[in-house]
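S.K.: One structure, pasted below without further comment.
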Amino acid sequence: MLVSGTKILPESDVTPRLSHGDGDHERFSHFADKNKITESYVTGAPVRALCGKVWVPSRDPKKYPVCPECKEIYEGLPKGEPPAE
């Protein structure tokens, strides 16, 4: 009799952890996809920032300093191609 090497893993929680209690959400503005942020304002769906923070945008990001981790990741991303002439 052949036995497969497949394991059944225990169920895990796949619900995004919203960052309402860990503090830095309240202190920083985070970088995320602009379209996802707009969608979140309409639907209330959580957004994932470049740093991994998951939250529902609800305030003016210009009033807060940028998350240092988001800024570092953003600055390390490749720049877009220049527009074709």
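If you want the working numbering, it's the position in the sequence shown, counting the first as 1, plus 1.
Glycine included, each C-beta is placed from N, C-alpha and C at the ideal position.
From a predicted model like this one, the values you see are computed outputs, not experimental measurements.
1) Out of curiosity, what's the CA-to-CA distance linking V55 and E73?
2) State buried or exposed for P58, treating a residue as buried only when at least 16 other CB atoms are found within 10 Å of its CB.
3) On the DSSP letters alone, give me the boundaries of the alpha helix (DSSP H) that P69 sits inside.
4) For S41, which three-state DSSP category applies?
5) Would you identify the three-state DSSP class for D23, choosing helix, strand or coil?
M.R.: To lay it out plainly:
1) If you number the sequence shown from 1, residue 55 lands on position 54. If you number the sequence shown from 1, residue 73 lands on position 72. Taking the straight line from one Cα to the other gives about 18 Å.
2) Sequence index remark: in the sequence shown, residue 58 carries index 57 (1-based). When all chains shown are included, P58 counts as buried.
3) Along the sequence shown, read from residue 1 onward, the residue named residue 69 stands at position 68. Counting along the chain, the alpha helix (DSSP H) containing P69 begins and ends at P69 to G77.
4) In the sequence shown, the residue the question calls residue 41 occupies position 40. Here S41 sits in helix by DSSP.
5) In the sequence shown, the residue the question calls residue 23 occupies position 22. Low confidence applies here, because D23 scores a pLDDT of 49, under 50, leaving its location unreliable and the question unanswered by this model.
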